[in-house]
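Q: What follows is a structure written as structure tokens; I'll ask about it next.
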Amino acid sequence: MNSKRPKIFTWHIHGSYLFYLSQGNYDIFIPVREEKTEGYYGRGETFPFGDNVHEVHVDDIAKLDFDCIIFQTNKNYLEDQYEILTAEQRALPRIYIEHDPPRQHPTDTRHVVDDPEVLLVHVTHFNRLMWDNNNTRTRVIEHGVTVPDIPYTGEINKGIVVINNLPSRGRLLGLDIFLEVRKHVPLDLIGMNTGELGLGEVLHPQLPEFISRYRFFFNPIRYTSHGLAVCEAMMLGLPIVGMATTELPTVITNDINGFIHTDIDTLVKKMQQLLQNKEYAARLGIEGRKTALNRYNIERFTHDWEQTIRDVIQTKIA
Numbered sequence: 000m001n002s003k004r005p006k007i008f009t010w011h012i013h014g015s016y017l018f019y020l021s022q023g024n025y026d027i028f029i030p031v032r033e034e035k036t037e038g039y040y041g042r043g044e045t046f047p048f049g050d051n052v053h054e055v056h057v058d059d060i061a062k063l064d065f066d067c068i069i070f071q072t073n074k075n076y077l078e079d080q081y082e083i084l085t086a087e088q089r090a091l092p093r094i095y096i097e098h099d100p101p102r103q104h105p106t107d108t109r110h111v112v113d114d115p116e117v118l119l120v121h122v123t124h125f126n127r128l129m130w131d132n133n134n135t136r137t138r139v140i141e142h143g144v145t146v147p148d149i150p151y152t153g154e155i156n157k158g159i160v161v162i163n164n165l166p167s168r169g170r171l172l173g174l175d176i177f178l179e180v181r182k183h184v185p186l187d188l189i190g191m192n193t194g195e196l197g198l199g200e201v202l203h204p205q206l207p208e209f210i211s212r213y214r215f216f217f218n219p220i221r222y223t224s225h226g227l228a229v230c231e232a233m234m235l236g237l238p239i240v241g242m243a244t245t246e247l248p249t250v251i252t253n254d255i256n257g258f259i260h261t262d263i264d265t266l267v268k269k270m271q272q273l274l275q276n277k278e279y280a281a282r283l284g285i286e287g288r289k290t291a292l293n294r295y296n297i298e299r300f301t302h303d304w305e306q307t308i309r310d311v312i313q314t315k316i317a
């Protein structure tokens, strides 16, 4: 890698994650083609990517020299790389970012990557714990998000839920929990394809200002990675209420920087308390923001990624 900025090739899979990843000191190349299928959207219009994120047409990928390939889905790993990368490019240093916990079985699912030459990066310690990682090297890089220059006000006496495609994603994302809680507590839902249940999509750059006015942030998801939306809400100072599952129990301490539980009735009582006591909500939010500034600051995140990319490239050279 020496002193030059490394050139990374990956797919545009999770826009918000790619945006935060792009804050590092490297160049990211993403494929684009006329048919805007998953991963081939290019930069898009949603995120304010910097000039270190480059679109490359699939027909031109073979002409470029990269330092590292980053996979983010099974399709990237099993299909896409063979369709658009040359044999030489496929032999480059490789990283697979695993964004999710195992879906088929929580403890016995083997990861698609079984290659000691690929580094498997998990976004939470919970994910690494639950996956059968085979013979693959692993590392955890926890999320990092930028700090918005927007104050929490909590003036809207409701909770806010931020989930894309909730009606179609069902129990895994907590559709039934959302519907049950909404019988007892006023909740607004935003996200892509929320249908009649929600207010529709709020673009990522407008999200902080939109949600900062709500009293609290509710995360009904049963089984997931630690969502970026939760980190972003914490960074704003919104108090978090959520399910005591996956990574969240390592982040939230009840009545200190938020509240989590596996009993829906207990969560409803806590939300009602937050609606009745704005000062209490603000105190929880202040402590949650301190947690986010310490654990999810973008400087730590980009440092971790710069170091990881450097390690992978140097190991391959050695």
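The sequence shown begins at 0 in numbering that gives the first Met the number 0 and counts up one residue at a time.
For every residue, glycine included, the Cβ atom is placed at its ideal position computed from N, Cα and C.
Look at the Cβ atom of V117, then the Cβ atom of R136, and state whether they are nearer than 9 Å.
A: yes
Q: Under 8 Å, with one C-beta from each stretch per pair, do the region 283–297 and the region 238–256 reach the 3-pair mark?
A: yes
Q: Using 10 angstroms around the beta-carbon of Q103, count the other beta-carbons present and answer buried if the total reaches 16, otherwise exposed.
A: exposed
Q: Using the DSSP secondary-structure output, state which residues sit across from D187 in a beta bridge.
A: I159
Q: Cutting at 7 Å between CB atoms, please list the residues of its own chain near H56, excluding the five before and the five after it.
A: Excluding its 5 nearest sequence neighbours in each direction, H56 has C-beta neighbours in its own chain below 7 Å: V31 and R32, listed in chain order.
Q: By how many angstroms is the C-alpha of Q88 removed from the C-alpha of M0?
A: With a pLDDT of only 41 at M0, under 50, the local geometry of the prediction cannot be trusted, and the value read off the model is given with reservation. So the two alpha carbons sit approximately 16 Å from each other.
Q: Is V122 near the ligand SAH, judged by its Cβ being under 8 Å from some heavy atom?
A: Only the bare structure without any ligand can be found here, which leaves the ligand SAH out of the picture.
Q: Could you tell me which of Q272, N132 and I29 sits nearest to A61, measuring between CA atoms?
A: I29
Q: Cα separation between H142 and L178?
A: The alpha-carbon of H142 is positioned some 29 Å away from that of L178.
Q: Give me the Cα-Cα distance between W10 and P47, rounded to the nearest whole angstrom.
A: 17 Å
Q: Would you tell me roughly how many angstroms separate the C-alpha atoms of P319 and P207, rounded to the nearest one?
A: The structure shown does not extend to residue 319, since the chain is modelled only from 0 to 317, so the question has no answer here.
Q: Quick check: the Cα distance between R181 and Y25, rounded to an integer number of angstroms?
A: A direct Cα-Cα distance of roughly 44 Å separates R181 from Y25.
Q: Using the C-alpha atoms, what's the distance from T314 back to T193?
A: 45 Å
Q: Drop a sphere of 10 angstroms on the beta-carbon of Y19, count the other beta-carbons inside from all chains shown, and report buried for 16 or more, exposed for fewer.
A: buried
Q: Go to N293, then tell me how far its alpha helix (DSSP H) extends in each direction, as first and last residue.
A: K277 to R294
Q: Nearest-angstrom Cα distance between N51 and E44?
A: 16 Å
Q: If you draw a straight line from the C-alpha of K74 to the C-alpha of H98, how long is it?
A: 14 Å
Q: Would H225 be called buried (16 or more neighbouring beta carbons within 10 Å of its own) or exposed?
A: buried
Q: Could you compute how far the alpha carbon of E54 sits from the alpha carbon of R282?
A: 44 Å
Q: Under 8 Å: do the region 217–234 and the region 157–173 share three or more Cβ pairs, one atom per stretch?
A: yes
Q: Does the separation of the CB atoms of Q271 and V201 fall below 9 Å?
A: Going by C-beta atoms, Q271 is not nearer than 9 Å to V201.
Q: Give the single residue among D310, K277 and K289 whose Cα lies nearest to the Cα of A232.
A: A check of alpha carbon separations from A232 across D310, K277 and K289 identifies K289 as the nearest.
Q: Hey, G153 and F215: beta-carbon distance below 9 Å or not?
A: Yes; because the gap between Cβ atoms is below 9 Å, this pair is in contact.
Q: Return helix, strand or coil for V201, following the three-state DSSP convention.
A: coil
Q: Judging by CA-CA distance, which residue of A280, N218, L274 and Q306 is the nearest neighbour of L165?
A: N218
Q: Among residues of its own chain, excluding the 5 on either side of F125, which ones have a beta-carbon nearer than 6 Å to its beta-carbon?
A: T245 and E246
Q: Can you look up L119 in the DSSP assignment and give me helix, strand or coil?
A: Secondary structure at L119: strand, using DSSP grouped into helix, strand and coil.
Q: Excluding five sequence neighbours on each side, which residues of the same chain lie with their C-beta closer than 8 Å to the C-beta of G14?
A: G43, T45, F46 and H203
Q: With DSSP collapsed to three states, give me the class of V112.
A: coil
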